[in-house]
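See structure below.
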Amino acid sequence: MYRRILLAYDGSVEGRLALREGARLARLCEAQVCLLAVVQISTGIVVAEGVYPGVVGEQSEVYKNILAEGERQLRDIGFEPDTRLAMGDPGPEIRAVAKEINADLVVIGHRQHGTLARWWSGSVATYLIDHLDCSMLIGRMEVSDAEFDRLKPSYRVPE
C-alpha cells in the first residue's frame, strides 16, 4: 500500500491529530515516515524582518522546536523519521519534499478558515490537491493516548 508517508506538521491541534493518524497508518502499512515543518515566509514576515531584524530566525526556532516535538512522538512509537524544516509557502514546500522523497501519501491537518481568509491566502489543501503526484489525507481522526501508545513496538523478553 503506502511505502513512504510525508507528515506535514505545524504543532497545532489539527496538526497533532494529523500526525497521530498518519503515524497510525504508517505503522499499519510498515511505511517510512518523513516529518516536515514549514516556516511560512509571508510578505508580513519579510516586512517585519526589515523593521525588527531576527523575526525570521525566531520563527525558525519556534518551528525547530515543533519539529523536535513531532520527532520525539514518532521515535517513541518506534519510527526513525526523516525530519525536515523548510521555509516558504507551505503548499509548494510540501509538494517539493513529497516529490523529492517519492511519497505515496501526504498527511496534513486542516483548520477551518473563513471565506475572506481562504480568498486572501489560499488553501494549502487546495494547492496540494491540484499539484501533488500522490495521495493526500486530511487527518482529522482522534487517536487517543492509549491507542497511540499501542503503536509502540512490543519487545519480548529473550528466553
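Going left to right, the sequence shown walks through residues 0 to 158 as numbering that gives the first Met the number 0 numbers them. Beta carbons are placed, not taken as given, at the ideal position from N, Cα and C, and that holds for glycine.
Sequence-distant partners of Arg74 (beyond 5 residues in either direction) whose C-beta falls short of 8 Å from its own C-beta, in its chain, are Pro80. Within the DSSP bridge table, the entry for Ser134 names Leu104 as partners.
DSSP lists no bridge partner for Cys28.
For the 7 Å CB-CB criterion, Ala7 and Ile100 do not form a contact.
For Asp81, the uninterrupted beta strand (DSSP E) run begins and ends at 81 to 87, by DSSP. Shown here for Tyr126: same chain residues with a beta carbon closer than 6 Å to its own, the five before and five after excluded, namely Gly90 in chain order.
By the criterion of a C-beta distance shorter than 6 Å, Cys33 is surrounded in its chain by Leu5, Asp81, Ile100, once the five residues flanking it on both sides are discounted. Remark: C-beta atoms of Val96 and Leu35 approach each other more closely than 7 Å. Just so you know, the alpha carbons of Asp9 and Tyr1 end up roughly 22 Å apart.
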